[in-house]
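Written below as structure tokens is the structure these notes are about.
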Amino acid sequence: MSREPYLLPNGRVLRYSYRERLVHWLAGVSYVYLLLTGLAFWSPWLFWIAVVLGGATISRELHPWFGLAFVIAVVMMDRMWGKQMKETPADKEWWAAVPHYVRNEDEQMPSADRFNPGQKLLFWGFFWNGLLLLLTGLILWFPQHIPWSLRFLRYLAVIVHPVCALLTIGLFIIHVYMGTVIERGAFGSVIRGDVSRAWANRHHHTWYQQLLRDSEARK
Amino acid sequence: MSQVSNEIRRISGHAGSVPGEGFSRDYDVCKLIDTTTCIGCKACEVACLEWNGYSFSETTFDNSYQTMPETSWNYWNLIKFNEHEREDGTMQLLMRKDQCMHCEEPGCLAACPADGAIVQYANGIVDFQQDHCIGCGYCITGCPFNIPKFSPTARKVFKCTLCNDRVTQGLEPACIKSCPTGCLHFGSKTDMKELAENRAAQLREHSGFANAGVYDPAGVGGTHVIYVLHDATNPEAYGGLPKNPTIPVTVRLWKTPLKWLGNLAIIGGLVGVFAHYLRFGPKIVEEDEKDKQGVRQ
Amino acid sequence: MTNGWIDIKNTDMMLIMGGNPAENHPCGFKWAIEAKRNRNAKMIVVDPRFTRTASTADLFLQIRAGADIAFLGGMINYAIANDRIAKDYLLNYTNAAFVVKEGFKLPEDGLYSGFDPAAHTYDKSTWNYEEGGDLTGKAVAPEAPHKPAPPPAPLKPGQAPPPPPALPPNVAHDLALQHPRCVFQLLKKQYSRYTPEMVERITGIPKDQFLKAADLFTSIRKNGDMKKAATIIYAVGWTQHTYGTQIIRTAAMLQLLMGNVGRSGGGVNALRGHSNIQGATDMAGIFDNLPGYLKVPTPADADLAAYLKRITPTPSKPGQWDSFNYWSNTPKFVTSLLKALYGDAATKQNNFAFDYLPKVDRNYSWTQIWDNMYRGSVKGIFAFGMNGVMIGPDTKKNIDALKKAEWLVVGEIYPDETSEFWRAPGTSTDEMKSIQTTVYRLPCAGFAEKDGSMTNSARWLQWKNAALPPPGDARLDQDIIAQIFLRVRDLYKKEGGKFPDPILNLTWPYTDPQHPALADIAKEINGKALADLTDPATQQVTKTGQQLPGFAWLKDDGTTSCGNWIYCGSWTEAGAQIQRRGTEDPSGLGIYPNWAWSWPANRRVLYNRASCDLDGKPWDPQRRQVWWSEAAQKWVGNDVPDFKADSHPKDHLGPFIMNPEGVGRLFVPLGGLADGPFPEHYEPFESPIKNPLHPNQSNNPVVKKLTTPADKFGTPEQGFTVVCTTYRLTEQYHYWTKNNPMNVQLIPEAFVEIPVELADDLGIRGAEKIKVTSARGTYIAKAFVTRRIKPMTIDGKKVYQIGLPIHQGFRGIAEDADRNARTPANLLSPTVIDPNAFTPEYKGFLVKVEKA
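Chains as they are written, first to last, in my numbering: chain A, 440 to 658; chain B, 108 to 404; chain C, 120 to 971.
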């Protein structure tokens, strides 16, 4: 075999494939649109956002479509990463040590696999909230088609949708913060796809070691 | 639709103060519907259509005199018929004019996220401003009377305007004008309430309706459309008039407590991460730092 | 109406029966609501269905369609038995005290005295008052049992037939109301058979419910109280029966008994069904009247004098009473009419052209005309705003009649079923090709495109202006008639013909003969002086050519012309009274004396002298209509007195000035009615039961069946067990609003209202298609399963009633879009008519109901 899939010739490690990055940005861009238009409908103080994004009516029209795009992205992510995101026994240790993580004492953290438990939390957070947002979103998209006798569905949707949205906003704030500011190299991993070996070794030690073993095995 | 001469009291989805807040030069208007003298002639249905310039549409017979099952985006005013047997076995044909109740605390306005799409005037009229409407249909959920109706062509919501355009010119609403028996009255809330209570008392004393009363539900702060009912303990019999209408609890939860909590959470989150950065800074992998100075492999 | 629309607001008690004013007169009904709201007036509604009127009633009773006389007779019985009657009124303002001739027999077996079974008519000579004087307090010999009078001896050759029976000028009377043959005792005896139990058997109204209604209605006369007034309001639920006229009679009698006629808030009030139907009947749009309710001449009237003698009544009353007998002025009315018709061609020498008037030899009522067309003797018909195919009983027969006609002219604003009769559903293309009738369709003007006056139920003539001109080729009715007449006259001028004189000599004094102005015609109807006239009492002068101030000016010597005496005063020299719009109502009784003009002489409540006691003081000081003024020595008031103004109360001039007796008729003598001086309950022609009062004479004996093969009747034995009635809805107006999107939106499809129980029996669900079949045809529509028509027990039998609105046909918006089965309702109705007014029995016939 000639090609090394993950250990790149330039001495870096391939973190995310092209497909993975596309899907991530599909999710990201659609989510940002959803966030902005959602905030406009959430607060009168931010209503102007919908106006500048092409008009309030068009924002209302497009919000659900972007929602569908987001859901598609989430489904694709589940197909790509679902197995790797499953909870493992090692996760408990990681969570126990998370104060170190917060204080950037990463050397104190147990080894993480391709996705650390924090990332798994993010993934499942978006997955389940996304599902609820989809279901309640469908009701809110066509409220006139929910008959009076089933109005409790609309009443539920009206509260569950913003609650889930707020939860995803919390996750999003942390995710963007970490991905841009905190974890140097993380942003590049989702644009160009590669990270340094040191980065891989530090933050996803288990995964990196497995890559090395696999590479050896291939020789 | 005209905002020109009415003083505004509340605006949906609006940031900041409202011009008419705390000040009113208009008296509260009120439409009184005396169901005990309604003869179900539908003059009011037609007057509303004609005044508002809607065309007639095809309908289907559905075992009732009722023109259609519910009001519609282009049919704002509908007599609902119910064949009702009283406890003593006597028959009643209850006929109730169904339209927007112009609540003092409108659920539609509370639920609406669009700035200025729903306006409550100081005189109590709640009016949809379609040029600001974004067609989200939250008002449909906010209304305990199932009134706002979505137009699939205009993609906006419509309902009775209490003939705001007529009222601002000193005229009574079109339905009032057309009613042949004078079962519909229009005037100030105080006057109409008095008229209604007197009529209810008359029914109790002279017509054998011991439970006659006035429907002016406190759950929405009272309404600017009130009914005299033969039996005020059973509004449901009148084409499903809700006994105790309120703005749905989830709408209220969303608009008040959740709004506060959520805003706090978002701002808190943003402040939190900024504070975190100030305190802890980014994660640094030393080898990478070294590499930065060296040559990339 | 004896009273008026607005006057209804003055009532204390309403009996609404044979009518559904909330649905069919919603604007007029507001006055009933006003009475409830402002006076706590009570409303009793009696109807085969719980209608939208019933929804506002204080008491609703469901009645079998057609059982009205039984109910009202029961009410009369109750009122008399419980002394809830107006004694002074009864004694002095009605013929209660008049003694009826010996030989008169009440219809315990269903027949009055004098019935000829072969001819289906009565010899009414026993239906008369006894000649005589005051019999009060005189002992009466016991009555011999009734023996039918021997048939009259055949005439000897050369012997003139005996003169027809006449009312005696001096009527024997018993002011103690005890004489066994006085009207009051006969009345009591007649309705003693109408016990609450009998009422229940016939009407299906449970006894306790009936007694509740009787007690409530008559409660206004408890303890002799005369202050309150009750009104009876009805419409075609009463007229559309083979005894319809008699139903109304029973109500009139009840109102006389209770002293409600002439009273504000009282009266006997017919709700007319079209905006100008009252005008049509006033102007004699019927074969047996001339304008102003003058009787038509018959071939037996050899000349004008004989005619006038026959139709001009002479007073007939107790000697010490006085009777105005205003119909004694008939010669003035007739002569003035003839002058209006024939102008200078009508002279003293030629009997004022009496020979020009057609002599009416038999029944030319609507059903008869179409029967004649069916038999082939009527060759052609003009149908002006009259959708014959839809309105007549037995639609199929009427369509077949048109197929046999040579020509048909339809004046309409829409293509209607009559103008499209040849392609009625069920007509094959071959048959269409074989129909030889030439159909002319003349587009006419709609109501908003015409001016003219309309006379409403309250007898108010109100002028209206045209809002816009007729579109396209549409012409005004008067133009069409004028242009046809002028062409026909020309043809007669050129070609001569059989007796063209009436046509050639008909006055046509209009500025533009081809387009006569209705204002000109209205003036012509009011009439004018043809010579200088002076009123001897006031010395007022009306010069030649001037409009007459009122009918008191009419003369029988040819110096006045008047198209309709009851409209005389409507367009005077002071101007068009019918255009007035004065909104003052100083009395608050809704009289509005300066708004438009009512006949007669702008009197709003007829017989209003009866609103006062014998001394001329109003029974109710709160509702003063007219009263006697000692100071002015005349009758004055808020309303125009319907009376001889200067007749002192002590002269005992009767308030019912149009009757020869001067008083109201509880008993209608002689030829007043075809089927009896008192109403008697008869069953509808198709009935589920035999008449419990006299099973061997179930139906009105005077009603004649039509006998073509098309005239079919059904019986319960043939499976027609359901009683059917037909009616109209608020949302549609007869047969033309099915062309209007607004009405079609409100009531889009034909339906049949059937009881829930019947639907359950037949497995029918709401809005499911069903068919209703009578002996004559089948009607298909959607079922309206309702709780507003309950099953009934009629004479022990369980009987269902159903009802269907009449509005859909086979041409209209929904019909053209195939959204209806296209069956007219009158496919079901029978061709039997009332013998007095000739109205068909559209309500209360038998059908069967099945799934379609």
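Note that the Cβ used here is the ideal one computed from N, Cα and C, for glycine as well.
Problem set entry | Neighbour list for L610 of chain C in chain B, Cβ cutoff strictly below 7 Å | The residue you call residue 610 of chain C lines up with position 491 of the third sequence. The premise fails here: L610 of chain C is roughly 47 Å from chain B at the closest Cβ pair, so nothing lies under 7 Å.
For this session: Express the C-alpha separation of N939 of chain C and E868 of chain C in angstroms, rounding to a whole number.
Result: Counting from one through the third sequence, the residue named residue 868 of chain C turns up at place 749. Counting from one through the third sequence, the residue named residue 939 of chain C turns up at place 820. Each residue's Cα considered, the two are about 6 Å apart.
Exercise. Listing by chain order, which chain B residues have their CB less than 7 Å from the CB of D653 of chain A?
Worked result: Counting from 1 along the first sequence, the entry for residue 653 of chain A is found at position 214. None at all; the shortest Cβ gap to chain B is about 20 Å.
Exercise. Expressed to the nearest angstrom, what Euclidean distance is found between the alpha-carbon atoms of P226 of chain C and S496 of chain C?
Worked result: For the purposes of this step, residue 226 of chain C is taken as residue 107 along the third sequence, with counting starting at 1. For the purposes of this step, residue 496 of chain C is taken as residue 377 along the third sequence, with counting starting at 1. One C-alpha to the other measures close to 38 Å.
For this session: Using a Cβ-Cβ cut-off of 8 Å, state whether N858 of chain C counts as contacting chain B.
Result: As a working mapping, residue 858 of chain C is identified with position 739 in the third sequence. So, not an interface residue.
Problem set entry | W716 of chain C, buried or exposed, once every other Cβ within 10 Å from all chains shown has been counted against 16 | For the purposes of this step, residue 716 of chain C is taken as residue 597 along the third sequence, with counting starting at 1. W716 of chain C comes out buried.
Exercise. From the beta carbon of M861 of chain C, is the nearest beta carbon of chain B less than 8 Å away?
Worked result: Numbered from 1 along the third sequence, position 742 holds the residue referred to as residue 861 of chain C. Under the Cβ criterion of 8 Å, M861 of chain C is counted among the residues facing chain B.
Exercise. From Q404 of chain B to G450 of chain A, what does the alpha carbon distance come to, in whole angstroms?
Worked result: Sequence index remark: in the second sequence, residue 404 of chain B carries index 297 (1-based). Sequence index remark: in the first sequence, residue 450 of chain A carries index 11 (1-based). Residue confidence is low: Q404 of chain B scores 42 on pLDDT, short of 50, so the model does not pin down where it sits. No coordinate-derived value is stated.
For this session: Could you list which residues in chain B have their beta carbon closer than 9 Å to that of A693 of chain C, in chain order?
Result: Taking the third sequence and counting its residues from 1, one reaches residue 693 of chain C at position 574. Per Cβ cutoff of 9 Å: no residues; A693 of chain C is ~33 Å from chain B at best.
For this session: Go ahead and pull the three-state DSSP assignment for H642 of chain A.
Result: To locate residue 642 of chain A, count along the first sequence from 1; it is residue 203. The answer is helix: DSSP assigns H642 of chain A an H, G or I state.
Problem set entry | Under 7 Å by beta carbon: chain A residues contacting T248 of chain B | Here residue 248 of chain B refers to the residue found at position 141 when the second sequence is read from its first residue. Result: P582, R593, Y594 and V597.
Exercise. Is E526 of chain A helix, strand or coil by DSSP?
Worked result: In the first sequence, residue 526 of chain A corresponds to position 87, counting from 1. Looking at E526 of chain A - three-state DSSP - the assignment turns out to be coil, as it is neither helix nor strand.
For this session: Quick one: grab the DSSP three-state call for Q698 of chain C.
Result: Translated into the one-based positions of the third sequence, residue 698 of chain C becomes position 579. In the three-state scheme derived from DSSP, where H, G and I count as helix and E and B as strand, Q698 of chain C is classed as helix.
For this session: Determine whether the Cβ of C243 of chain B lies closer than 8 Å to any Cβ atom of chain A.
Result: For the purposes of this step, residue 243 of chain B is taken as residue 136 along the second sequence, with counting starting at 1. So, interface residue.
Problem set entry | Bridge partners - Q666 of chain C, DSSP secondary structure assignment | Position 547 of the third sequence holds residue 666 of chain C. In the DSSP output, where bridge partners are listed per residue, Q666 of chain C has C:K647.
For this session: Return the chain-ordered list of same chain residues with a C-beta closer than 7 Å to the C-beta of P556 of chain A, the five sequence neighbours on each side being excluded.
Result: By one-based count along the first sequence, residue 556 of chain A stands at place 117. Within its own chain, the residues whose Cβ lies closer than 7 Å to the Cβ of P556 of chain A, once the five positions on either side in sequence are excluded, are D530, W533 and W534, listed in chain order.
Exercise. Within 10 angstroms of its Cβ, does N778 of chain C collect 16 or more other Cβ (buried), or is it exposed?
Worked result: Your numbering for residue 778 of chain C matches position 659 in the third sequence. Buried, since its Cβ has 16 or more Cβ neighbours within 10 Å.
Exercise. Within 8 Å (strictly less), CB to CB, does F480 of chain A reach chain B?
Worked result: Taking the first sequence and counting its residues from 1, the one referred to as residue 480 of chain A is at position 41. Interface residue, yes.
Exercise. Along the stretch 360-379 of chain B, what residues have a CB closer than 9 Å to any CB found in chain A?
Worked result: Taking 9 Å as the Cβ-Cβ cut-off, the stretch 360-379 of chain B approaches chain A at L360, W361, L365, K366, L368, G369, N370, A372, I373, G376, L377 and G379, given in chain order.
Problem set entry | chain A contact for H121 of chain B (CB, 8 Å cutoff) | Numbered from 1 along the second sequence, position 14 holds the residue referred to as residue 121 of chain B. Chain A, which has a Cβ nearer than 8 Å to the Cβ of H121 of chain B, makes this yes.
Problem set entry | Contacts of Y616 of chain A in chain B (Cβ-Cβ under 7 Å) | As a working mapping, residue 616 of chain A is identified with position 177 in the first sequence. Correct list: V380.
For this session: Could you pull out every residue in the same chain whose Cβ sits closer than 6 Å to the Cβ of T626 of chain C, ignoring the five residues on either side in sequence?
Result: As a first step, residue 626 of chain C is located in the third sequence; it is residue number 507 there, counting from the start. Closer than 6 Å at the Cβ level, and outside the excluded window around T626 of chain C, lie G462.
Exercise. Within this structure, are the beta carbons of I241 of chain B and A495 of chain A separated by less than 8 Å?
Worked result: Taking the second sequence and counting its residues from 1, the one referred to as residue 241 of chain B is at position 134. Taking the first sequence and counting its residues from 1, the one referred to as residue 495 of chain A is at position 56. Yes, the Cβ-Cβ distance between I241 of chain B and A495 of chain A is below 8 Å.
Exercise. Residues in the stretch 885-918 of chain C with C-beta within 7 Å of chain B's C-beta atoms, listed in sequence order?
Worked result: Among the residues of the stretch 885-918 of chain C, those with a Cβ less than 7 Å away from any Cβ of chain B are G885, A886, K901, F903, V904, T905, R906 and R907, in the order of the chain.
Problem set entry | CB contact below 8 Å: V491 of chain A versus chain B | Indexing the first sequence from 1 puts residue 491 of chain A at position 52. No, because no Cβ of chain B sits closer than 8 Å to the Cβ of V491 of chain A.
Problem set entry | Near-chain C residues of the stretch 291-315 of chain B - C-beta to any C-beta below 8 Å | For the stretch 291-315 of chain B, the beta-carbon criterion of a distance under 8 Å to any beta-carbon of chain C is satisfied by R306, Q309, H313, S314 and G315.
Exercise. Are the C-beta of A261 of chain B and some C-beta of chain A separated by less than 8 Å?
Worked result: For this step, residue 261 of chain B is matched to residue 154 along the second sequence. Not closer than 8 Å to any Cβ of chain A, the Cβ of A261 of chain B fails to qualify, so no.
Problem set entry | CB contact below 8 Å: D545 of chain A versus chain B | Residue 545 of chain A sits at position 106 when you count from the first residue of the first sequence. Interface residue, yes.
Exercise. What residues from chain B crowd round Q864 of chain C, counting only those whose CB sits closer than 7 Å?
Worked result: In the third sequence, residue 864 of chain C corresponds to position 745, counting from 1. Those within 7 Å of Q864 of chain C in chain B are F163, S164, T166 and T174.
Problem set entry | Own chain, CB closer than 6 Å to N139 of chain C, minus 5 neighbours either side, in chain order | The residue you call residue 139 of chain C lines up with position 20 of the third sequence. So the qualifying residues of the chain are T170 and T172.
Exercise. Any Cβ of chain A within less than 8 Å of the Cβ of G196 of chain B?
Worked result: Stepping through the second sequence from its first residue, residue 196 of chain B is reached at position 89. Closer than 8 Å: no.
For this session: State yes or no: is the beta carbon of L348 of chain B nearer than 8 Å to at least one beta carbon in chain C?
Result: Here the question's residue 348 of chain B lines up with position 241 in the second sequence. Taking Cβ atoms only, chain C never reaches closer than 8 Å to L348 of chain B, which makes this a no.
Exercise. How is W484 of chain A classed by DSSP in three states: helix, strand or coil?
Worked result: Translated into the one-based positions of the first sequence, residue 484 of chain A becomes position 45. Here W484 of chain A sits in helix by DSSP.
For this session: Compare the beta carbon distance of S285 of chain B and Q864 of chain C with 8 Å and say whether it is the shorter of the two.
Result: Translated into positions along the second sequence, residue 285 of chain B becomes position 178. Translated into positions along the third sequence, residue 864 of chain C becomes position 745. In this structure, Q864 of chain C does not lie closer than 8 Å to S285 of chain B by Cβ.
Problem set entry | Rounded straight-line distance, which links the Cα of A424 of chain C to that of G677 of chain C | Taking the first residue of the third sequence as 1, we reach residue 677 of chain C at position 558. Taking the first residue of the third sequence as 1, we reach residue 424 of chain C at position 305. Between G677 of chain C and A424 of chain C, the C-alpha separation is close to 14 Å.
For this session: Tell me whether K970 of chain C sits in a helix, a strand or coil according to DSSP, three-state version.
Result: Sequence index remark: in the third sequence, residue 970 of chain C carries index 851 (1-based). Here K970 of chain C sits in strand by DSSP.
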